[in-house]
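Residue numbers (the UniProt record's numbering): 1 to 564. The next block holds one structure in the form of structure tokens; read it before the comments.
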Amino acid sequence: MELRNYQKSAVQSVISHFKESNESAVLTLPTGAGKSLIISKLSQLANNRVLVLAHVKELVEQNSQKFKYYGLNYSIFSASLNQKNSSAKVVFGTVQSVAKNLSNFNQKISLLIIDECHRVGKEKNSEYLKIINYFRLKNRRLKILGLTATPYRTDLGWIYKYHYNGYIQSEKQTPFSKCIFDLPISKLIREGYLSTPIQVNPPKDRYNFNTEDDLYNYESLNKQIEQSPRITKAIIEHLKKIAEERLGVMIFASSIQHASEIHTYLGNESYLITGNTSLSDREAIISGFKNQNKKFLINVSVLTTGFDAPHVDLIAILRKTESVSLYQQIVGRGLRLHPKKTNCIVIDYAANNHDIFQPEIGKKPKNPNVKIVQVQCPICGFQNLFWGILDPHENIIEHYGRKCKGININQNKNEQCSHYFKSKECPQCGGTNDIAARTCSNCNFQLIDHDNILKKAYDLSNQDVFVCAGITYSSAKNGIFLTYHDENGQEFTEITPQIHTEAFHEFFKPYFSNQKIQNFSDFEKYFSFMKYPDFLILEKRKLKWVIIHKIFDYVGLKRKANQI
1 MELRNYQKSA VQSVISHFKE SNESAVLTLP TGAGKSLIIS KLSQLANNRV LVLAHVKELV
61 EQNSQKFKYY GLNYSIFSAS LNQKNSSAKV VFGTVQSVAK NLSNFNQKIS LLIIDECHRV
121 GKEKNSEYLK IINYFRLKNR RLKILGLTAT PYRTDLGWIY KYHYNGYIQS EKQTPFSKCI
181 FDLPISKLIR EGYLSTPIQV NPPKDRYNFN TEDDLYNYES LNKQIEQSPR ITKAIIEHLK
241 KIAEERLGVM IFASSIQHAS EIHTYLGNES YLITGNTSLS DREAIISGFK NQNKKFLINV
301 SVLTTGFDAP HVDLIAILRK TESVSLYQQI VGRGLRLHPK KTNCIVIDYA ANNHDIFQPE
361 IGKKPKNPNV KIVQVQCPIC GFQNLFWGIL DPHENIIEHY GRKCKGININ QNKNEQCSHY
421 FKSKECPQCG GTNDIAARTC SNCNFQLIDH DNILKKAYDL SNQDVFVCAG ITYSSAKNGI
481 FLTYHDENGQ EFTEITPQIH TEAFHEFFKP YFSNQKIQNF SDFEKYFSFM KYPDFLILEK
541 RKLKWVIIHK IFDYVGLKRK ANQI
């Protein structure tokens, strides 16, 4: 099986990277680029054992079928495929089955490949990390490779830290270290490997999800949909007209109730798949749709990955999503090539406004005039891309960049350029810090004017200051109740984030100087070392008070609790 040139380049980038490094890596390839073929080639070239993970059985089948071409021994470990065999040199498995049966994998592996790797998050008790940690204990030089069309997550942003073009993509802790190959979707479309997406503006009859507080609250969205039967009916009438000359239409609905309503309007012309559809019915429906027995396929969050129907040439999005990754996965269902297909129409009836070709990762500034601008670093010369504002002559008036994203290689290690475009100087040591830094990165000196924060809180009618004299605790179902006490016997209680999560660990960082708190046992063990905040800034929201700021190690004009 001959690989395309870009597939060969992707394979070579993996070989070159892992010859020099054990750092985890990511290949970014659009939906339809043939990730299964790249996975198969890498598995064939590996000298030692390989485990290929996917989150659904369809991808396990797809990847293993492509590997079959090489005529080499492989096995499948997936309960949903009724196979649990870990004996072969190359094993294809579902994440859930492998995580629950790690004792079946006694031998070390040299390469762990994760398909749809954007699903790997930062939760320390996730099945992915359970598998990674298990095999790392067996092989400290384990190579970990992720493949995805969408290397970002709503809760995290980019899933890797460094990009092979020489810049830092994320300053957060990321699941993967480096993107070593990045193939833009526009290149595949231009070279004829994918269908061209044609974005069509919906008519005036569309859903008006414009309340920011409720934008991604699905209970609120469903209520709006229920109250808009006329709009849903008008949308389907419009869709049917557009679909007259189309081969296959995929409709992405907001809820089961919403999908059922759409199904009612389309009648016998459509199939419906939801999470409640039985396995046998699902397979029959997918087979019928692929055979083009019916034109429309309605689904609710079940056919965004691992589903291929190349004849699909119209995507109708009737659901809201803040996830750029999910949006691109949805559009990707219509970009595969088909002999009778010239392009794929995409209609977004929910006004998500995500860009197919240049997704915006992270929050865009509220100023409507912002554009992506190029800003050169005066220290290292790297050309940064930031949000900014241009004058009529395309000159930069201002930009929102803080720190240069360029990378300097020092003793074979990637180090981010130290230049700040906007910074604050530490009055204690003179060190340069990010404009929003709370403590100096050099000497840990507090950079926030706490007296100013306290004054504002005392002055505002919807805020209050709680002077903390002590703290007690009790266990909660998934966290810990912390009760703060003042000198007058008043109390305020909050609950921590869920135990074993990254958020739980981050929550306790200000409370403990040297101890890492990951669970209730850690908390109890080190409770005597715990420091409590000197002040809590409370704000009234609707009918309850919430903590909006905590002041530790206060030095200033205000009196602290237990102070004469």
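Ideal Cβ positions, reconstructed from N, Cα and C, are used throughout, including at glycine.
Same chain, Cβ closer than 7 angstroms to D486, neighbours up to 5 away in sequence not counted:
Numbered from its first residue, the sequence shown carries residue 486 at position 486. Excluding residues within five positions, the ones whose Cβ falls inside 7 angstroms are F466, V467, C468, A469 and A561.
Rounded straight-line distance, which links the Cα of R49 to that of N73
The residue you call residue 73 lines up with position 73 of the sequence shown. The residue you call residue 49 lines up with position 49 of the sequence shown. So the two alpha carbons sit approximately 11 angstroms from each other.
How far does the alpha helix (DSSP H) with V324 in it extend, from its first residue to its last?
In the sequence shown, residue 324 corresponds to position 324, counting from 1. Taken as a continuous stretch (DSSP letters only), the alpha helix (DSSP H) holding V324 covers V324 to G332.
Roughly how many whole angstroms lie between the Cα atoms of D214 and R319?
In the sequence shown, counting from the first residue as 1, residue 214 sits at position 214. In the sequence shown, counting from the first residue as 1, residue 319 sits at position 319. Here D214 scores only 42 on pLDDT, less than 50, and its place in the model should not be relied on; the value that follows carries that caveat. Spanning the alpha carbons of D214 and R319 requires a straight line of approximately 14 angstroms.
Spatial neighbours of H354 within its chain, please: C-beta separation below 7 angstroms, excluding the five flanking residues on both sides.
Taking the sequence shown and counting its residues from 1, the one referred to as residue 354 is at position 354. Same-chain partners within the cutoff: V324 and Y327.
Report back the beta-carbon spacing between T28 and F176 to the nearest angstrom; my notes put them in contact at under 8 angstroms.
The residue labelled residue 28 in the question sits at position 28 within the sequence shown. The residue labelled residue 176 in the question sits at position 176 within the sequence shown. Not confirmed; about 11 angstroms, so no contact.
Indicate whether the contact test is met: 3 or more Cβ pairs, each with one atom in the region 525 to 544 and one in the region 144 to 161, closer than 8 angstroms.
no
Between which two residues does the beta strand (DSSP E) holding L251 run?
Along the sequence shown, read from residue 1 onward, the residue named residue 251 stands at position 251. This sequence places Ile at residue 251; Leu is not what is there. I251 -> beta strand (DSSP E) spans G248 to F252.
Hey, would you say the C-beta of H238 is under 7 angstroms away from at least one heavy atom of the ligand GDP?
Judged by which ligands are present, the structure shown has none, so any question about the ligand GDP falls away.
How about I251 and F296: do their beta carbons lie closer than 8 angstroms?
Here residue 251 refers to the residue found at position 251 when the sequence shown is read from its first residue. Here residue 296 refers to the residue found at position 296 when the sequence shown is read from its first residue. Going by C-beta atoms, I251 is nearer than 8 angstroms to F296.
Do you know how far the Cα of Q107 is from the Cα of I76?
By 1-based counting over the sequence shown, the position of residue 76 is 76. By 1-based counting over the sequence shown, the position of residue 107 is 107. Computed Cα separation, rounded: 16 angstroms.
Cβ shell of G32 (< 6 angstroms), same chain only, five flanking positions each side left out:
Taking the first residue of the sequence shown as 1, we reach residue 32 at position 32. Within the same chain, G32 has close Cβ partners L194, L335 and R336.
Span separating the alpha-carbon of E491 from that of K100:
As a first step, residue 491 is located in the sequence shown; it is residue number 491 there, counting from the start. As a first step, residue 100 is located in the sequence shown; it is residue number 100 there, counting from the start. Taking the straight line joining both Cα atoms gives about 43 angstroms.
With DSSP as the reference, please indicate the residues paired to Y69 in a beta bridge.
Along the sequence shown, one-based indexing puts residue 69 at 69. Partner(s): none; Y69 has no beta bridge.
Inspect the beta-carbon positions of I262 and I273 and report whether they are closer than 8 angstroms.
As a working note, residue 262 is residue 262 in the sequence shown. As a working note, residue 273 is residue 273 in the sequence shown. No, the Cβ-Cβ distance between I262 and I273 is not below 8 angstroms.
Tell me which residues share the same chain as N462 and place their Cβ nearer than 7 angstroms to its Cβ, disregarding the 5 neighbours each side in the sequence.
Locating residue 462 in the sequence shown gives position 462, where the first residue counts as 1. Same-chain partners within the cutoff: E539 and K540.
Whole-Å CB distance - G248 paired with Q292, under 8 angstroms assumed:
Counting from 1 along the sequence shown, the entry for residue 248 is found at position 248. Counting from 1 along the sequence shown, the entry for residue 292 is found at position 292. About 6 angstroms; that satisfies the 8 angstroms criterion.
Strictly by DSSP, which residues pair up with T28?
Residue 28 sits at position 28 when you count from the first residue of the sequence shown. T148 and D182, per the DSSP bridge assignment.
Run through DSSP, which three-state label would S9 get?
Within the sequence shown, the letter at position 9 stands for residue 9. Three-state DSSP puts S9 in a helix.
Measure how close the beta-carbons of Y162 and K178 come, nearest whole angstrom, since I'm counting them as under 8 angstroms.
On the sequence shown, position 162 is the one that residue 162 refers to. On the sequence shown, position 178 is the one that residue 178 refers to. Yes, Y162 and K178 are in contact; Cβ-Cβ is about 4 angstroms, under 8 angstroms.
Compute the distance between the beta-carbons of I379 and C417, then report whether it is under 8 angstroms.
Translated into the one-based positions of the sequence shown, residue 379 becomes position 379. Translated into the one-based positions of the sequence shown, residue 417 becomes position 417. Yes. Within cutoff.
Does DSSP classify E487 as helix, strand or coil?
Numbered from 1 along the sequence shown, position 487 holds the residue referred to as residue 487. Coil at E487, not helix or strand.
Please classify N395 as buried or exposed, where buried requires at least 16 neighbouring CB atoms within 10 angstroms.
Here residue 395 refers to the residue found at position 395 of the sequence shown. By the neighbour-count rule (16 or more Cβ atoms within 10 Å), N395 is not buried but exposed.
Straight-line gap, L53 to I114 (C-alpha atoms, nearest Å):
As a working mapping, residue 53 is identified with position 53 in the sequence shown. As a working mapping, residue 114 is identified with position 114 in the sequence shown. Rounded to whole angstroms, the separation of the alpha carbons of I114 and L53 is 5 angstroms.
Which residue spans inside the region 412 to 447 form an unbroken beta strand (DSSP E) run of at least 3?
413 to 416, 423 to 425 and 432 to 434
Does the separation of the CB atoms of V120 and F92 fall below 8 angstroms?
Taking the sequence shown and counting its residues from 1, one reaches residue 120 at position 120. Taking the sequence shown and counting its residues from 1, one reaches residue 92 at position 92. Between V120 and F92, the C-beta gap is not smaller than 8 angstroms, which leaves the two residues out of contact.
Exposure label - V14; buried when at least 16 CB within 10 Å
Indexing the sequence shown from 1 puts residue 14 at position 14. It is buried - the Cβ of V14 has at least 16 other Cβ atoms within 10 Å.
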